[in-house]
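Laid out in structure tokens, this is it:
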């Protein structure tokens, strides 16, 4: 044991005192000694792994080179193209070149506005005076208001502005907040000029007319169609008993008074029997009173009074029985009772309340007198049935539900911010899910509560449904019409641009098509109203007949922006 320890210490001191090469050599010798004690296959494994990893390294290098070469080629081509363009005078085209203005030998061009210098109306304002400027219109929120000053419009003749146009604009402004233009904006003073009509066509500019047409402004909301609760009847039997016969089924159309089912109720038979008994007692007391009336001197007065009191009591019993039958929905008149014989009255009571169409089918003398009909109180359709023949029923169970579907309720959820613009009597349009056919009605009620979760206000409208196309609990989209204008001023929606401070359109000069005229587009500030797909209402700023730029207006906007930045 001590010999091994001394050998170990000796080797440790030798390792410390020897240089690194010697230490490495010693380690290698030790490793070799250990490897010598391992199995042969374990010693051969590192060499095999080294040989298999060599092809993998070669493949990864080849893949990297393959992926990199195309990128280097593209970058080299771009660098060469840039070098070539730089040494051959390539440059970004100007607005005049984009607009189609070519260099004409001997003509001096305005570099800022891209037109011949002698024809540039921006540099030489006297060539095409702007005319009188009227400034800001507070009423309509536009510059150079053409409603107040129609002579400012780019029309060949000064139009006549009707009072209806002013009232229409006032209604549109008062209905809801509109985007406001900046009174200090100067864009309306800009005019964009082209050198020729061919230059306009080359720039890809398209035009359209300002026109008149109908405008509808609405509030959109989701909702559903439900039955009108005032037209839905849930029917139960007036007396407990057994369903004797069921006449109607779900989906059947019924008229007021139609029999839905017959109920065999003991209470009904008892009431009829009590009436017959009361009538018999009344007849008996009538006969007694008549007999005593002929014996005034023979019979004591007390006896007569007792007979009269008994008759009155019998008559009250008759009235009580009649009222009981009426409470069960089986009306009978006192006159009919007094004018019929006992057999006739008994026959009438047996089928009391049953229509002839039902009694004709019964036809048997053995039919019970306990039958009470369940009849439809109104026209409609049977939407639910919960009874079959032979079932025992009571007065708390709903047997049939009848709904009049000729008119339905529409319940909409209006956003809270739009609720103050909604009023009873407004037109409402509903389009059910899965159906493009609109249904029109009137708004009848607005809730005073706000839903705590959705923050919406419930409103109700009534929709006619004579064709029965609307069904209960149908979801869809509704629109409440806030304003309808039959003859509003409308313009293409893509002609209107928001430039950060105001809405503008580019209006073609009224003399544009004349030979020798300047090809000019005027920048006009406008006040748009409601947008309807491809068209937008013009509250103020445009008049029918004016020509505005639609497609290609980006070229004009770019030149307008350049002017705002101080480049022209």
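Residue numbers (the numbering used here): 8 to 575. Quick reminder that beta carbons are idealized off the backbone N, C-alpha and C, glycines included.
Considering only their Cβ atoms, is the gap separating residue j from residue i smaller than 8 Å?
{"i": "residue 528", "j": "residue 516", "result": "yes"}
{"i": "residue 359", "j": "residue 328", "result": "no"}
{"i": "residue 406", "j": "residue 268", "result": "yes"}
{"i": "residue 409", "j": "residue 261", "result": "yes"}
{"i": "residue 533", "j": "residue 503", "result": "yes"}
{"i": "residue 133", "j": "residue 154", "result": "no"}
{"i": "residue 539", "j": "residue 222", "result": "yes"}
{"i": "residue 563", "j": "residue 128", "result": "no"}
{"i": "residue 247", "j": "residue 374", "result": "no"}
{"i": "residue 324", "j": "residue 288", "result": "yes"}
{"i": "residue 488", "j": "residue 429", "result": "no"}
{"i": "residue 597", "j": "residue 521", "result": "For the chain, the structure presents residues 8 to 575; residue 597 sits outside this window and is missing."}
{"i": "residue 77", "j": "residue 202", "result": "no"}
{"i": "residue 257", "j": "residue 390", "result": "yes"}
{"i": "residue 426", "j": "residue 365", "result": "no"}
{"i": "residue 344", "j": "residue 286", "result": "yes"}
{"i": "residue 435", "j": "residue 468", "result": "yes"}
{"i": "residue 315", "j": "residue 296", "result": "yes"}
{"i": "residue 73", "j": "residue 484", "result": "no"}
{"i": "residue 576", "j": "residue 310", "result": "In the structure as shown, the chain begins at 8 and stops at 575. Residue 576 is therefore absent and cannot be evaluated."}
{"i": "residue 335", "j": "residue 404", "result": "no"}
{"i": "residue 130", "j": "residue 141", "result": "no"}
{"i": "residue 183", "j": "residue 567", "result": "no"}
{"i": "residue 279", "j": "residue 356", "result": "yes"}
Please report the Cβ distance between residue i and residue j, rounded to the nearest whole angstrom; I am assuming they are in contact, meaning their Cβ atoms lie under 8 Å.
{"i": "residue 481", "j": "residue 439", "result": "5 Å"}
{"i": "residue 419", "j": "residue 157", "result": "Actually they are not in contact, since the Cβ atoms of residue 419 and residue 157 sit about 42 Å apart, beyond 8 Å."}
{"i": "residue 361", "j": "residue 417", "result": "No, residue 361 and residue 417 are not in contact; Cβ-Cβ is about 40 Å, not under 8 Å."}
{"i": "residue 498", "j": "residue 217", "result": "5 Å"}
{"i": "residue 387", "j": "residue 411", "result": "4 Å"}
{"i": "residue 413", "j": "residue 368", "result": "Their Cβ separation, rounded to whole angstroms, is 30 Å, which puts residue 413 and residue 368 out of contact at 8 Å."}
{"i": "residue 397", "j": "residue 250", "result": "6 Å"}
{"i": "residue 160", "j": "residue 553", "result": "6 Å"}
{"i": "residue 508", "j": "residue 117", "result": "Between residue 117 and residue 508 the Cβ distance is about 27 Å, and since that is not below 8 Å, they are no contact."}
{"i": "residue 149", "j": "residue 547", "result": "5 Å"}
{"i": "residue 254", "j": "residue 384", "result": "Not a contact, Cβ separation roughly 15 Å."}
{"i": "residue 530", "j": "residue 194", "result": "5 Å"}
{"i": "residue 500", "j": "residue 461", "result": "No, residue 500 and residue 461 are not in contact; Cβ-Cβ is about 31 Å, not under 8 Å."}
{"i": "residue 415", "j": "residue 235", "result": "6 Å"}
According to DSSP, which residues form a beta bridge with residue i?
{"i": "residue 123", "result": "116"}
{"i": "residue 434", "result": "449"}
{"i": "residue 260", "result": "388"}
{"i": "residue 215", "result": "555"}
{"i": "residue 530", "result": "513"}
{"i": "residue 475", "result": "None, per the DSSP bridge assignment."}
{"i": "residue 234", "result": "415"}
{"i": "residue 409", "result": "240, 389"}
{"i": "residue 465", "result": "420"}
{"i": "residue 499", "result": "542"}
{"i": "residue 225", "result": "488"}
{"i": "residue 246", "result": "Looking at the DSSP assignment, residue 246 forms no beta bridge with any residue, so it has no partner."}
{"i": "residue 268", "result": "253, 381"}
{"i": "residue 220", "result": "495"}
{"i": "residue 399", "result": "249"}
{"i": "residue 482", "result": "231"}
{"i": "residue 505", "result": "510"}
- Message: I want to know whether the stretch 479-499 touches the stretch 169-186 - three or more CB-CB distances under 8 Å.
- Response: yes
- Is the stretch 371-388 touching the stretch 260-277 in the sense that three or more CB pairs, one from each, lie closer than 8 Å? yes
- Spell out a yes or no on whether the stretch 550-562 and the stretch 213-220 are touching, meaning 3 or more CB-CB pairs, one atom from each, closer than 8 Å. The stretch 550-562 is in contact with the stretch 213-220.
- Within the stretch 132-210, note down every full alpha helix (DSSP H) run reaching 4 residues or more, in order along the chain. 170-182, 204-209
- Within the chosen definition, does the stretch 187-198 reach the stretch 159-172 through at least 3 CB pairs nearer than 8 Å? no
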